[in-house]
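Undergrad: Numbering (this note's numbering), first residue to last: 99 to 359. Quick one: this structure, given as structure tokens, is what I'll be asking you about.
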Ligand code: NI
């Protein structure tokens with residue numbers, strides 16, 4: 099059975115403080131082949147890097163989440179640029195717009211979204227996009243930045259299938275996780291049916307968004323088989339096919355060697 103690639107996790111989060119080492123050490127033997135720990139702030143990016151230096155199968159991304167951009171400076175951006183050259187840094191993220199938590203003000207979020215896209219372009223890294231209640235502005239900024247030349251993933255995808263078409267046309271992957279198993283996730287199920295399997299990557303966004311039957315609990319990569327199962331049913335293919343194709347997609351997204359570690 100092909101192992102699972104978790105393209106988006108936050109094992110640096112304090113929710114894992116009690117058992118992080120034990121849990122991370124146990125993942126490869128339980129079918130989790132690779133994990134990308136995604137920075138959401140400068141400090142979590144630093145933690146993600148440390149984890150990547152500790153675990154062979156774990157990689158990381160450097161980035162500042164839209165809701166954390168208020169304090170960002172040009173010096174910080176320069177530091178991030180240097181981090182992109184770290185041997186296990188595979189992307190710039192997560193970056194984007196979040197109008198659900200409408201803070202800091204939209205102009206500040208937009209400014210740092212654009213700045214981090216430019217950084218990714220300079221450093222030749224794909225981007226991990228966080229976009230919530232901000233579909234139009236996200237698409238507009240990605241278009242203005244010619245994001246198809248940068249590449250990346252729309253993580254924890256939450257918009258319509260029509261909107262997914264816009265991001266697919268820009269060459270982006272669509273990140274899908276635990277929400278796919280929620281009974282009320284009609285829109286995401288429609289999107290998953292619409293997006294070609296070759297353009298979908300699996301993610302936990304842990305500790306958040308655990309799939310059914312663990313909904314509401316702390317999420318971790320070990321619950322991804324529930325997402326694989328849900329996606330296999332929607333696509334009418336085997337779970338092994340979902341594992342294999344999404345592994346290949348993740349490797350393409352993050353421009354890594356294709357081998358199983
Ligand atoms: Ni995230």
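Ideal Cβ positions, reconstructed from N, Cα and C, are used throughout, including at glycine.
Mapping the DSSP letters down to three states, classify residue 192 as helix, strand or coil.
TA: In the chain shown, the residue the question calls residue 192 occupies position 94. Residue 192: strand per DSSP, three-state reduction.
Undergrad: Based on Cα-Cα distance, which residue from 263, 120, 277 and 155 lies nearest to residue 356?
TA: Your numbering for residue 356 matches position 258 in the chain shown. Considering only alpha carbons, the answer is 155.
Undergrad: Note down the Cα distance separating residue 119 from residue 174, rounded to an integer number of angstroms.
TA: Taking the first residue of the chain shown as 1, we reach residue 119 at position 21. Taking the first residue of the chain shown as 1, we reach residue 174 at position 76. Distance between the alpha carbons of residue 119 and residue 174 is about 29 Å.
Undergrad: Leaving out five residues on either side along the sequence, give the residues of the same chain with a beta carbon under 7 Å from the beta carbon of residue 292.
TA: Residue 292 sits at position 194 when you count from the first residue of the chain shown. The residues are 259 and 262.
Undergrad: Would you kindly check if the distance between the Cβ of residue 286 and the Cβ of residue 329 is under 8 Å?
TA: Stepping through the chain shown from its first residue, residue 329 is reached at position 231. Stepping through the chain shown from its first residue, residue 286 is reached at position 188. No, they are not a contact pair.
Undergrad: Go through the region 255-309 residue by residue and report every complete run of the beta strand (DSSP E) that reaches 3 residues or more, in order.
TA: For the region 255-309, whole beta strand (DSSP E) runs of length 3 or above, ordered along the chain, are 271-274 and 298-300.
Undergrad: Indicate the three-state DSSP secondary structure (helix, strand or coil) for residue 352 in the structure shown.
TA: Working through the chain shown from its first residue, we reach residue 352 at position 254. Of the three classes helix, strand and coil, the one that applies to residue 352 here is coil, per DSSP.
Undergrad: What runs of the beta strand (DSSP E), each 3 residues or longer, lie entirely inside the region 138-221?
TA: Runs of the beta strand (DSSP E) inside the region 138-221: 156-160 and 187-196.
Undergrad: Measuring only the C-alpha atoms, how far is residue 276 from residue 336?
TA: As a position in the chain shown, residue 276 is number 178, starting the count at 1. As a position in the chain shown, residue 336 is number 238, starting the count at 1. Their backbone Cα atoms lie some 18 Å apart in a straight line.
Undergrad: Which two residues bound the contiguous beta strand (DSSP E) that contains residue 132?
TA: Sequence index remark: in the chain shown, residue 132 carries index 34 (1-based). Element bounds for residue 132: 130-136.
Undergrad: For my contact list, residue 341 and residue 325 are in at a C-beta cut-off of 8 Å; report their separation, rounded to the angstrom.
TA: Your numbering for residue 341 matches position 243 in the chain shown. Your numbering for residue 325 matches position 227 in the chain shown. Between residue 325 and residue 341 the Cβ distance is about 11 Å, and since that is not below 8 Å, they are no contact.
Undergrad: Let me check you understand the geometry: is the CB of residue 172 closer than 7 Å to at least one non-hydrogen atom of the ligand NI?
TA: On the chain shown, residue 172 is found 74 positions in, with the first residue counted as 1. No, since every heavy atom of the ligand NI falls outside the 7 Å radius drawn around the Cβ of residue 172.
Undergrad: So for residue 251, helix, strand or coil by DSSP?
TA: On the chain shown, residue 251 is found 153 positions in, with the first residue counted as 1. It is a strand residue.
Undergrad: So residue 223 and residue 254 are supposed to be a Cβ contact under 8 Å. How far apart are they, rounded?
TA: Along the chain shown, one-based indexing puts residue 223 at 125. Along the chain shown, one-based indexing puts residue 254 at 156. With a Cβ gap of about 19 Å, residue 223 and residue 254 do not count as contacting.
Undergrad: With three or more C-beta pairs closer than 8 Å as the rule, is the region 147-164 touching the region 186-194?
TA: Contact between the region 186-194 and the region 147-164 is present, because at least three Cβ pairs lie under 8 Å.
Undergrad: Looking at the secondary structure, which residues open and close the alpha helix (DSSP H) in which residue 124 lies?
TA: Stepping through the chain shown from its first residue, residue 124 is reached at position 26. First-last of the alpha helix (DSSP H) with residue 124: 118-124.
Undergrad: Between which two residues does the alpha helix (DSSP H) harbouring residue 104 extend?
TA: By 1-based counting over the chain shown, the position of residue 104 is 6. From DSSP, residue 104 is part of no alpha helix (DSSP H) but of the beta strand (DSSP E) over 102-107.
Undergrad: Work out the CA separation of residue 221 and residue 180 for me, nearest whole Å.
TA: To locate residue 180, count along the chain shown from 1; it is residue 82. To locate residue 221, count along the chain shown from 1; it is residue 123. Whole-angstrom Cα-Cα distance: 9 Å.
Undergrad: Is the separation between the beta-carbon of residue 136 and that of residue 123 shorter than 8 Å?
TA: Taking the first residue of the chain shown as 1, we reach residue 136 at position 38. Taking the first residue of the chain shown as 1, we reach residue 123 at position 25. No, the Cβ-Cβ distance between residue 136 and residue 123 is not below 8 Å.
Undergrad: Which residue comes first and which comes last in the alpha helix (DSSP H) that contains residue 325?
TA: Here residue 325 is taken as the residue at index 227 of the chain shown, counted from 1. Here the alpha helix (DSSP H) through residue 325 covers 322-333.
Undergrad: Give the DSSP-derived three-state secondary structure of residue 230 in the structure shown.
TA: Within the chain shown, numbered from 1, the residue matching residue 230 stands at position 132. Residue 230: strand per DSSP, three-state reduction.
Undergrad: Using a threshold of 7 Å, is the CB atom of residue 303 nearer than that to any non-hydrogen atom of the ligand NI?
TA: For the purposes of this step, residue 303 is taken as the residue at position 205 of the chain shown. Indeed, a heavy atom of the ligand NI lies less than 7 Å from the Cβ.
Undergrad: Buried or exposed: where does residue 319 fall if 16 or more other Cβ atoms within 10 Å of its Cβ makes it buried?
TA: For this step, residue 319 is matched to residue 221 along the chain shown. So residue 319 ends up on the buried side.
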